[in-house]
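Chemist: Numbering (UniProt numbering), first residue to last: 1 to 901. Built from N, CA and C at the ideal position, the CB exists for glycine as well. Can you keep this structure in mind? I'll have questions shortly.
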């Protein structure tokens, strides 16, 4: 039998299988095969941080495939990615197989390779190792930290700050950086200053410009000329003067090339040069790493893209130097290979920098096989890696000082020329937010000391100091890396969470905090300041690095963190809403109530004229209200998730009339967002409600057309017939978003799918994922209805109509027959929840009114029976169920943010 190799993705599996040949079976784990269940108690601090792991349907399917392949094998090679996450995936796979006792007589090996090439893969297989336990421990600590912060801090937010969605160990610190930068911008006071620039001609009539640096013998500081009068006086002095060249300074400088890319610098440069988001960059880099089809063979074009290291293999450096000499000339090859070391805090240089796997595969040669995004990113990686080993550029810098006859007024002109372009022939690094424009490329005419220059024109120009720029994706990633929070490989997902939660928005490629984000940050800094402090978060990262290096025990690190963190959470139990309001009002008062130009009080109520406006907390979040409530009911929302207030008078926007019923079609705002409504409630029939439907996230309520509104109201709509089964497929909107349906089988649609236009192919694809977990055994012998085997939360079960029965634990869902399922349903079948009541109401019309079971219809008269009074116990039970359901839904939100690094 063949040995088994497990990698992470199917595309890698296919490529590596070609490299290894028929003696190996290469399978994909599709990432993690199990994770912490999104519920309380998955990490238990009281049990030395024991964790409960859960394998989902996809993970179980992959484990089953690996287990099947292992029958008769002697070796299992775990070849997941060469980082902490890859080590953890290998550990999970081994652990699950061990729990199922499937590794008896099988040797388990760990292999890693930094690039998907035949030489790298075969070399790795020849030198396997054991799983790295310190790396696994660091993963466990990080996963436990993120889980405990998310599941402990998020519920505090829900209780004390309604409307907020989640908090996270890295997410909340990144949000604080964005909010604090915005606060700096808001309080920034621009200062006026002027510069004086003169135009001159050399004796040879060559023009150039020089800036005033000294006036009346004194050096000018930035704000010495701070008004028009002073600036014009200085301008006139220069205009009246006769200037000569006092000195000409020439200096040759070298500019060294930047190092090859790390994860962070790749994200930054792709953002600056290509306009790619961090998520797009990482997705595209993953594709280049896993390989593209070149001449019928799948070849990885770049090395592993999640790395802190800036070193490259000696073989790669040698090949790059050889290519430079051949392509550009020997003068572009340094005497010695360049060596780099990273300056990033908490960096781990265990892996190579991001580089091309073969420098001789130039961007031009592989462009035909790449998508536009892949081509641009590969070119960037290739050029950066090659340039990093090229000769330094040499610049001739020239500085000319002009002086008037008295020597009291001086002007300075600077410029530079490229004496030798070196690496600049291939690559110029993108500009940073913090880097000012320099004089590269600005040429000065030939001059010598003593030359008299002629003044042509003198200008005084007004300037104002500028606030610090808002963070772009590139500058925020750079800042996070500099202070050492999170890991570069997780920055893309962290920034994505902030946008998904509507805490921030991107405007002109800059992060702007939403009011909701500022409220969350103000709350956390007021009551959990330590846990959103950059220094504390960075120190935690250092401790995680100590764990991965075997210098610290992960249980000890977790115990120290949890002792203080749980105590801080306990202190908020008695926190009153009034305390929260006071803290937020103090922190954000200037933001929500900025000073007015006329000096009047910005908090005076615009409705009643006497009340004081302030922050209030309601069921759906924070808002601004009047102190004279309830006499004055003025309110102003702070958070608009969809900009839906525009065009909504009194919360309603009329689109037109329904073509059949002439009822108004309106867009309205409800507590959970915008919805479309047809008609109005009937005052005579309170039970009859107008037809309404929510507006999905992909549609903008401000620009919604009548056609779109009618389409939403007419859902579900027929998409088409399934090409294989011939069954009807419909698309509709449910509690959890858009879906497609075929009989009793539902498939979810992505947020980018338009439920009004989704086609048959997309619907079939969505249903296929669901159908993979369902077996249709055939028609039941009694009524012809289908008997199906489904995967449930507690294992597979048989279903016939509203009757279900769990399969025995040792029974595989793929092995059970129709006869066995029918017998199981007859013996152990029980009604499906939510369906029993409906069935009883249909089949029991003959029950008398004396029956204790509830019946909506009196069997004697056929009229509706009077409703029974609801007991207090029933009310409490109902309330408890609603509360539990709400808590479960919120825990799901916390789970989304609990894994960040």
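(1) Starting from residue 109, follow the beta strand (DSSP E) in both directions and report where the run begins and ends.
(2) Indicate whether at least one CB of chain B lies closer than 8 Å to the CB of residue 354.
(3) Please look up how many angstroms separate the CB atoms of residue 770 and residue 465, rounded, as I've assumed it's under 8 Å.
(4) Where does residue 738 sit, in a helix, a strand or coil, going by DSSP?
(5) What do you reckon, are the CB atoms on residue 198 and residue 411 nearer than 8 Å?
(6) Rounded to whole angstroms, how far is the Cβ of residue 66 from the Cβ of residue 93, which I believe are closer than 8 Å?
(7) May I ask you to verify whether the region 34-45 touches the region 11-18, counting CB pairs closer than 8 Å and requiring at least 3?
(8) Assuming contact is defined by CB atoms lying nearer than 8 Å, are residue 902 and residue 246 in contact in what I supplied?
(9) Is the closest heavy atom of the ligand HEM to the C-beta of residue 175 under 7 Å?
(10) Helix, strand or coil for residue 193 per DSSP?
(11) How about residue 426 and residue 366: do their beta carbons lie closer than 8 Å?
(12) Among 275, 278 and 301, whose alpha-carbon lies nearest the alpha-carbon of residue 287?
(13) Have a look at residue 628 and residue 582 and give me their C-alpha separation to the nearest angstrom.
(14) Give the straight-line distance between the Cα atoms of residue 742 and residue 736, rounded to the nearest whole angstrom.
(15) Taking the beta strand (DSSP E) that residue 748 belongs to, which residues open and close that run?
(16) How many Å lie between residue 442 and residue 204 at the Cα?
(17) Buried or exposed: residue 391, going by 16 or more other Cβ atoms within 10 Å of its Cβ?
(18) Using the Cα positions of residue 168 and residue 342, report the straight-line distance between them to the nearest angstrom.
(19) Would the region 485-501 and the region 116-135 be scored as touching if the rule is three or more Cβ pairs under 8 Å?
(20) Quick one: what's residue 247 bridged to in DSSP?
(21) Closest by CA to residue 595, which one among 58, 187, 157 and 803?
(22) Decide if the region 810-821 is in contact with the region 763-780; the criterion is three or more beta carbon pairs, one per stretch, under 8 Å apart.
(23) Taking the C-alpha atoms as reference points, what is the distance between residue 22 and residue 570?
(24) Hey, how far is the Cα of residue 566 from the Cα of residue 528?
(25) Pull the bridge partners of residue 396 from the DSSP assignment, please.
(26) On a CA-only basis, which of 156, 756, 284 and 611 is nearest residue 739? Give me that one, please.
(27) Checking the sheet assignment: what are the DSSP bridge partners for residue 459?
(28) Under 8 Å by Cβ, that's how I've got residue 676 and residue 703 pegged, so tell me the actual separation to the nearest angstrom.
(29) For residue 438, is the classification buried or exposed, using 16 other Cβ atoms within 10 angstroms of its Cβ as the cut-off for buried?
(30) If we count the other Cβ atoms within 10 Å of its Cβ and call it buried at 16 or more, is residue 895 buried or exposed?
(31) Buried or exposed: which applies to residue 154, given that a residue is buried once 16 or more other Cβ atoms fall within 10 Å of its Cβ?
(32) Quick one: give me the first and last residue of the alpha helix (DSSP H) that residue 28 is part of.
(33) Can you check whether the CB of residue 623 is closer than 8 Å to the CB of residue 904?
(34) Measuring alpha carbon to alpha carbon, tell me which residue in 173, 194 and 826 is nearest residue 463.
(35) Among 533, 480, 530 and 138, which residue has its Cα nearest to the Cα of residue 545?
(36) Contact check, residue 385 vs residue 320 under 8 Å by CB: the rounded distance?
Modeler: Let's see:
(1) 107-110
(2) No chain B appears in the structure shown, which is made up of a single protein chain.
(3) With a Cβ gap of about 59 Å, residue 770 and residue 465 do not count as contacting.
(4) strand
(5) yes
(6) 7 Å
(7) no
(8) Within the shown structure, residues of the chain are numbered from 1 to 901, placing residue 902 beyond reach of any answer.
(9) Of the ligands one can find in the structure shown there are none, so the ligand HEM has no counterpart to examine.
(10) strand
(11) no
(12) 301
(13) 17 Å
(14) 17 Å
(15) 745-748
(16) 19 Å
(17) buried
(18) 28 Å
(19) no
(20) 401
(21) 187
(22) yes
(23) 59 Å
(24) 11 Å
(25) 252 and 417
(26) 756
(27) 197
(28) Residue 676 to residue 703, Cβ: 13 Å. No contact.
(29) Bear in mind that a pLDDT of 47 at residue 438, under 50, signals an unreliable position, so the model cannot answer this.
(30) Because residue 895 sits at a pLDDT of 42, beneath the cut-off of 50, its placement in the model cannot be relied upon, and the following sentence gives the value as read from the coordinates. Buried, because 16 or more other Cβ atoms sit within 10 Å of the Cβ of residue 895.
(31) buried
(32) Residue 28 -> not in any alpha helix (DSSP H); beta strand (DSSP E) instead, spanning 24-28.
(33) Since the first and last residues shown for the chain are 1 and 901, residue 904 lies out of range.
(34) 194
(35) 138
(36) 7 Å
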